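Be aware that the sequence shown starts at 1, since it is given in the UniProt record's numbering, and climbs by one per residue. Beta carbons: idealized from backbone N, C-alpha and C, even for Gly. For clarity, every value in this text was computed on a predicted model and none was experimentally measured. Report on the structure given below.
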Amino acid sequence: MAVSRQMRKAWGSKLETLTEKAQKAREDLLVGIYQARQAGLSQADVAYSIGGVSPTGIKAKEEKGREIYERRKGGSSPS
C-alpha cells in the first residue's frame with residue numbers, strides 16, 4: 001500500500017508531537033517524585049503511589065527529578 005507524501009508528513013509530525021509529549025510526561029513524573037519526597041513522603045509511599053517501581057529505585061528518580069526541576073526554574077540552586 002502506497003502512502004502519499006502528504007500523509008507521511010502529517011503522520012511524521014503527529015508522531016513527533018506525541019514523542020515530545022511522552023518525554024515531557026516522563027520528566028513531569030520525575031519532578032513529581034522529587035516534589036513528593038521534598039514534601040515528606042517516604043520512598044515506599046512514592047513507589048506505592050506510582051506502582052511497578054521499587055522503593056529503592058526512587059532515590060535515583062528523585063535526583064533526576066531535582067535536576068529537571070532546577071533546570072526548569074533557571075538552574076539557580078542554593079549554596
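In this structure, how does DSSP classify residue i when only helix, strand and coil are distinguished?
{"i": "ILE58", "result": "helix"}
{"i": "ALA2", "result": "coil"}
{"i": "GLY12", "result": "helix"}
{"i": "LYS21", "result": "helix"}
Within this structure, are the beta carbons of residue i and residue j separated by less than 8 Å?
{"i": "GLY65", "j": "TYR34", "result": "yes"}
Can you tell which of the options has its C-alpha closest to the C-alpha of residue i?
{"i": "GLN38", "options": "ARG26, ILE58 and GLU20", "result": "ILE58"}
{"i": "GLU62", "options": "VAL31, ARG71 and GLY52", "result": "VAL31"}
{"i": "GLU67", "options": "ASP28, TYR48 and ALA10", "result": "ASP28"}
{"i": "TYR69", "options": "LYS24, ALA44 and VAL53", "result": "LYS24"}
Is residue i near the ligand ZN, with its Cβ less than 7 Å from a heavy atom?
{"i": "TRP11", "result": "With respect to the ligand ZN, the structure shown offers nothing to examine, as it has no ligands at all."}
Does residue i have its Cβ less than 8 Å from a Cβ in chain C?
{"i": "SER54", "result": "Going by chain labels, chain C is absent from the structure shown, which holds only one protein chain."}
Query raised in the report: Could you give the uninterrupted runs of the alpha helix (DSSP H) lying entirely in the segment 24–69, keeping only those of 4 residues or more?
Result: 43–50
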